[in-house]
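Contents: one structure, followed by commentary.
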Amino acid sequence: MEESEIDSWYQEGQEKAKEKLDSELEKPGVDRQAAISQYIEALHNLRQEFGKRYNKTIAEETQLEKEEQKEKLKKWTEKFRKPEQKEDEG
Numbered sequence: 102m103e104e105s106e107i108d109s110w111y112q113e114g115q116e117k118a119k120e121k122l123d124s125e126l127e128k129p130g131v132d133r134q135a136a137i138s139q140y141i142e143a144l145h146n147l148r149q150e151f152g153k154r155y156n157k158t159i160a161e162e163t164q165l166e167k168e169e170q171k172e173k174l175k176k177w178t179e180k181f182r183k184p185e186q187k188e189d190e191g
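The sequence shown runs contiguously to residue 191 in this note's numbering.
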């Protein structure tokens with residue numbers, strides 16, 4: 102997932118949680134404190150999942166960057182090797 106996808110997912114989750122809270126609070130005889138507690142818990146769980154997804158995305162991007170750097174270094178090293186070193190390996 103890309104960062105923008107994660108942000109969108111998080112925003113949608115917040116909106117759904119708010120809609121559910123509003124829906125619960127409109128019901129007659131509902132325990133308002135319990136509904137609000139459920140809303141807070143839903144937001145907490147959403148934040149935790151957001152953190153996991155975001156950290157995973159950052160880790161994947163970092164790994165790709167490391168691999169790209171290794172490849173660039175390898176190409177650069179090959180380019181500037183002395184001719185006798187190339188023959189020794191060949």
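Glycine included, each C-beta is placed from N, C-alpha and C at the ideal position.
Residue interval of the alpha helix (DSSP H) (run including Arg154): Here residue 154 refers to the residue found at position 53 when the sequence shown is read from its first residue. Segment Arg133 to Lys180, the alpha helix (DSSP H) holding Arg154.
For Glu127, three-class secondary structure by DSSP: Walking along the sequence shown from the start, residue 127 turns up at place 26. In this structure, Glu127 counts as helix in the three-state DSSP scheme.
Leu147 beta carbon less than 8 Å from that of Tyr111: As a working note, residue 111 is residue 10 in the sequence shown. As a working note, residue 147 is residue 46 in the sequence shown. Yes, they are a contact pair.
Using a threshold of 8 Å, state whether the C-beta atoms of Glu113 and Thr158 are closer than that. Mapped onto the sequence shown, residue 113 falls at position 12. Mapped onto the sequence shown, residue 158 falls at position 57. No, the Cβ-Cβ distance between Glu113 and Thr158 is not below 8 Å.
Suppose contacts are defined by Cβ-Cβ distances below 8 Å. Is Glu125 in contact with Ala136 by that definition? Position 24 of the sequence shown holds residue 125. Position 35 of the sequence shown holds residue 136. Yes, they are a contact pair.
Measuring straight from C-alpha to C-alpha, what distance separates Ala160 and Thr178? Working through the sequence shown from its first residue, we reach residue 160 at position 59. Working through the sequence shown from its first residue, we reach residue 178 at position 77. The straight-line gap from Cα to Cα measures roughly 27 Å.
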